[in-house]
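Reading through the structure tokens given below for one structure.
Protein chains: 2
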Amino acid sequence: MTVWDRPEPPTRPVPLDRERIVAAAIALADEGGLEAVSVRKVAARLDAGPMRLYRYISTKEELFDLMVDEVQAEILPEEQPGDWREALRILAHRTRQAALRHEWLADLLGGRPTLGPNGLAVTEATLAAFDGLADVDTVMRAVETVSAYFIGAIRREIANLRAEHATGLSKHDWQRAHGPHVTRILATGRFPALAKAVYDGTDVDAETSFATGLDWVLDAVAAKLTPPPA
Amino acid sequence: MTVWDRPEPPTRPVPLDRERIVAAAIALADEGGLEAVSVRKVAARLDAGPMRLYRYISTKEELFDLMVDEVQAEILPEEQPGDWREALRILAHRTRQAALRHEWLADLLGGRPTLGPNGLAVTEATLAAFDGLADVDTVMRAVETVSAYFIGAIRREIANLRAEHATGLSKHDWQRAHGPHVTRILATGRFPALAKAVYDGTDVDAETSFATGLDWVLDAVAAKLTPPPA
DNA sequence: TCTCATATCGATACACTGTATTGCTCATAT
DNA sequence: ATATGAGCAATACAGTGTATCGATATGAGA
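If you read the protein sequences in the order shown, they are chains A and B. Heads up, the first sequence is in my numbering, so the first residue is 1 and it goes up one at a time. Heads up, the second sequence is in my numbering, so the first residue is 231 and it goes up one at a time.
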């Protein structure tokens with residue numbers, strides 16, 4: 001039997017692990033949003049059959065969980081600042097930046113408990129920042145309040161950003177109008193306070209708006225940590 | 231040709247409008263979550279062909295928008311309290327209650343700008359509560375901050391609620407463990423602050439936790455509205 | 001009252017989804 | 001050398017959102 005008669009040896013399938021799978025899924029999501037992530041497309045990126053992924057995840061939701069946890073690694077600050085306030089501020093801003101890099105994160109944020117290793121590490125670092133400053137319950141309330149704020153704020157920011165992007169309007173025109181619809185509604189005079197806000201309000205960029213609200217919330221937390229002298 | 235030979239006249243299709251469609255979709259979502267809402271199933275509830283719905287909506291996303299706006303009607307308080315603080319507190323709690331009645335709302339909240347009639351009415355009422363109390367920009371910041379908080383908080387609450395529900399564990403066991411996973415992770419000692427929080431923390435019910443954080447944020451807003459005397 | 005135009009509907013079709021099942025193939029252990 | 005087990009691709013299924021299209025019933029105009 002000559003070489004010509006013998007078939008080439010079958011190519012072994014490219015090795016796979018969760019890391020590669022998650023990376024492919026994130027790449028897909030970064031390009032086309034969460035809805036662009038399908039098991040088939042992720043597998044295709046890895047030169048694998050779709051069903052092969054189910055050795056590593058047992059459901060598509062789990063893939064999303066892995067994606068979120070992967071991004072949490074970007075959020076985890078490299079070194080811990082001493083000040084709790086600075087720690088929380090950095091956490092909030094890093095989360096926001098991650099969401100701007102990966103807009104799909106906004107769809108997932110707060111949608112499920114984050115129990116992955118990186119998610120837990122983020123929580124640990126956050127809680128640790130309060131060490132010795134207050135009782136456990138107060139600390140919990142503080143962390144929950146701040147994170148509720150920035151998750152909500154990030155969601156809104158991304159939502160608005162997408163709406164602008166979809167209509168192709170400039171940010172200014174968008175805020176002022178959202179096309180004819182809002183203009184017409186406001187013109188009816190049925191929403192005077194809203195109209196005033198839209199027309200008389202200053203355009204502040206998203207980051208300062210985010211930072212301002214965050215500072216307010218941090219102020220509130222500070223007040224609860226060190227109650228004013230009676 | 232006797233009556234017996236003649237077929238009955240063709241039944242006219244049941245009349246349809248957005249209201250009916252949205253009601254059917256909401257019913258479906260209340261029973262089985264957002265993922266139970268499919269164009270075919272909504273149509274089936276109305277004895278209509280799937281394609282018929284596309285005269286009233288042009289995409290499934292629009293159906294979701296309509297659903298959210300419909301629920302906003304439940305949120306709109308019937309009468310406006312004089313106090314801005316009370317107004318915002320009520321808004322937050324009503325939104326939370328709506329989300330508890332319609333868990334799918336948590337998936338949609340903050341996901342897209344709410345430009346429907348009821349959504350705008352809610353915004354109007356909220357802004358109106360601040361009339362004359364501060365400049366437009368401060369008011370905007372206040373409203374955005376508070377709503378960011380409660381959207382984030384509601385999302386987390388529903389997320390936890392679902393996680394409990396899925397495992398069938400009691401709330402207590404859930405918070406303590408989430409099955410073996412968290413227990414094992416905590417046992418490694420790599421997350422001391424987290425472990426302390428989980429084991430030493432008091433179980434507070436979701437509503438008080440929500441209300442507490444809300445009060446903190448409202449305190450912060452109050453401080454910005456009436457700056458302390460210099 | 002008859003005819004025509006228009007709006008609306010149901011059926012069909014398409015490309016795609018997540019995942020259960022099945023049987024093959026190859027690497028290892030005996 | 002053979003048996004065993006794991007890992008994989010292929011196939012299949014039920015379901016999805018929505019484009020297209022031909023039939024049909026309704027209202028307007030003569």
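Here a beta-carbon is modelled for each residue, glycine too, at the ideal position from N, C-alpha and C.
Coarse secondary structure for P81 (chain A), derived from DSSP in three states: As a first step, residue 81 (chain A) is located in the first sequence; it is residue number 81 there, counting from the start. P81 (chain A) falls in the coil class under three-state DSSP.
Closest Cα partner of A220 (chain A) within the set A:G32, A:I158, A:V37, A:V146: The residue given as residue 220 (chain A) occupies position 220 in the first sequence. Of A:G32, A:I158, A:V37, A:V146, the residue nearest in Cα terms is A:V146.
Same chain, Cβ closer than 6 Å to I320 (chain B), neighbours up to 5 away in sequence not counted: Position 90 of the second sequence holds residue 320 (chain B). Closer than 6 Å at the Cβ level, and outside the excluded window around I320 (chain B), lie P307.
Within-8 Å CB hit, H181 (chain A) to chain B: Along the first sequence, one-based indexing puts residue 181 (chain A) at 181. H181 (chain A) counts as touching chain B.
Cutoff 8 Å: D449 (chain B) Cβ touching any chain A Cβ: Taking the second sequence and counting its residues from 1, one reaches residue 449 (chain B) at position 219. With 8 Å as the cut-off, D449 (chain B) counts as an interface residue toward chain A.
Counted within 10 angstroms of its Cβ, other Cβ atoms place A102 (chain A) as buried (16 or more) or exposed: As a position in the first sequence, residue 102 (chain A) is number 102, starting the count at 1. One detail in the question is off: residue 102 (chain A) reads as His in this sequence, not Ala. So H102 (chain A) ends up on the buried side.
Cβ-Cβ distance between R275 (chain B) and A259 (chain B) below 8 Å: Position 45 of the second sequence, counting from 1, holds the residue named residue 275 (chain B). Position 29 of the second sequence, counting from 1, holds the residue named residue 259 (chain B). For R275 (chain B) and A259 (chain B), no; Cβs fall outside 8 Å.
Nearest residue (CA-CA) to A378 (chain B), options B:T325, B:E354, B:L391, B:A396: If you number the second sequence from 1, residue 378 (chain B) lands on position 148. Comparing Cα-Cα distances from A378 (chain B) to each of B:T325, B:E354, B:L391, B:A396, the minimum goes to B:T325.
Any 3 or more C-beta pairs closer than 8 Å across the region 345-361 of chain B and the region 299-315 of chain B: yes
Continuous alpha helix (DSSP H) stretch holding K387 (chain B): start and end: By 1-based counting over the second sequence, the position of residue 387 (chain B) is 157. The amino acid occupying residue 387 (chain B) in the given sequence is Glu; Lys does not appear at that position. From DSSP, the alpha helix (DSSP H) with E387 (chain B) extends over 366-397.
Cut-off 6 Å between Cβ atoms - residues of its own chain near R385 (chain B), not counting five sequence neighbours on either side: Against the second sequence, residue 385 (chain B) aligns to sequence position 155. Excluding positions up to five away in sequence, the list reads A336.
Any chain A beta carbon closer than 8 Å to T432 (chain B): Along the second sequence, one-based indexing puts residue 432 (chain B) at 202. Closer than 8 Å to some Cβ of chain A, the Cβ of T432 (chain B) qualifies, so yes.
Contacts of A144 (chain A) in chain B (Cβ-Cβ under 8 Å): Here the question's residue 144 (chain A) lines up with position 144 in the first sequence. Here residue 144 (chain A) is Glu; the residue named in the question, Ala, does not match the sequence. Those within 8 Å of E144 (chain A) in chain B are A383, R386, S439, G443.
Collapsed DSSP secondary structure at R331 (chain B) in the structure displayed: By 1-based counting over the second sequence, the position of residue 331 (chain B) is 101. Helix.
Where L28 (chain A) sits in the DSSP three-state scheme: Reading the first sequence from its first residue, position 28 is the one you call residue 28 (chain A). Residue state, collapsed to three classes: helix.
Beta-carbon contacts of G33 (chain A) that lie in its chain and below 6 Å, excluding the five residues immediately before and after: Position 33 of the first sequence holds residue 33 (chain A). Hits under 6 Å: W104.
Closer than 8 Å to chain A by CB, D367 (chain B): Start at 1 with the first residue of the second sequence, and residue 367 (chain B) comes out as number 137. So yes, D367 (chain B) belongs to the interface.
Per-residue DSSP class, three states only, for L455 (chain B): As a first step, residue 455 (chain B) is located in the second sequence; it is residue number 225 there, counting from the start. Helix.
7 Å Cβ shell around A328 (chain B) - same chain, five flanking residues per side excluded: Your numbering for residue 328 (chain B) matches position 98 in the second sequence. Cβ neighbours of A328 (chain B) beyond the five flanking positions: V301, E304, I305, L335.
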